[in-house]
Amino acid sequence: CILLIKTNNTYFQFDNYLILSNNLRQNFIDANREGIFSLGEYVCLYLIVISIGKFIIDNEYKQKFK
Numbered sequence: 080c081i082l083l084i085k086t087n088n089t090y091f092q093f094d095n096y097l098i099l100s101n102n103l104r105q106n107f108i109d110a111n112r113e114g115i116f117s118l119g120e121y122v123c124l125y126l127i128v129i130s131i132g133k134f135i136i137d138n139e140y141k142q143k144f145k
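Counting from 80, one number per residue, gives the positions in the sequence shown under our numbering.
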């Protein structure tokens with residue numbers, strides 16, 4: 080998931096816009112570009128952690144009631 084987002088950022092050259100551009104922060108998107116583009120990565124990390132937590136809790140529950 081995160082790899083897909085990073086690949087898209089590189090392919091569509093969002094990296095140049097995010098890191099290398101010296102644009103003035105004239106509107107909402109320009110002022111918050113790092114946060115807006117990293118939102119997808121945070122959602123992916125959240126989903127990964129939730130699935131790991133469910134996996135651990137399910138296995139612990141099965142071990143407890145064998």
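Cβ atoms here follow ideal geometry from the backbone N, Cα and C, with glycine treated the same way.
field: For T86 and G132, the rounded distance between their alpha carbons
entry: Translated into the one-based positions of the sequence shown, residue 132 becomes position 53. Translated into the one-based positions of the sequence shown, residue 86 becomes position 7. If I take the Cα positions, the gap works out to 27 Å.
query: Quick one: Cα of L82 to Cα of E113, how far?
result: For this step, residue 82 is matched to residue 3 along the sequence shown. For this step, residue 113 is matched to residue 34 along the sequence shown. Within the model, the alpha-carbon separation for L82 versus E113 is close to 17 Å.
message: Could you tell me the alpha carbon to alpha carbon distance between Q92 and V128, rounded to whole angstroms?
response: Residue 92 sits at position 13 when you count from the first residue of the sequence shown. Residue 128 sits at position 49 when you count from the first residue of the sequence shown. When rounded, the distance between both Cα atoms is 28 Å.
message: Between the alpha carbons of S117 and K141, how many angstroms are there, rounded?
response: Along the sequence shown, read from residue 1 onward, the residue named residue 117 stands at position 38. Along the sequence shown, read from residue 1 onward, the residue named residue 141 stands at position 62. So the alpha carbons of these two residues sit roughly 37 Å apart.
message: Along the chain, where does the alpha helix (DSSP H) containing Q142 start, and where does it finish?
response: Looking up residue 142 in the sequence shown gives position 63. Taken as a continuous stretch (DSSP letters only), the alpha helix (DSSP H) holding Q142 covers 112 to 143.
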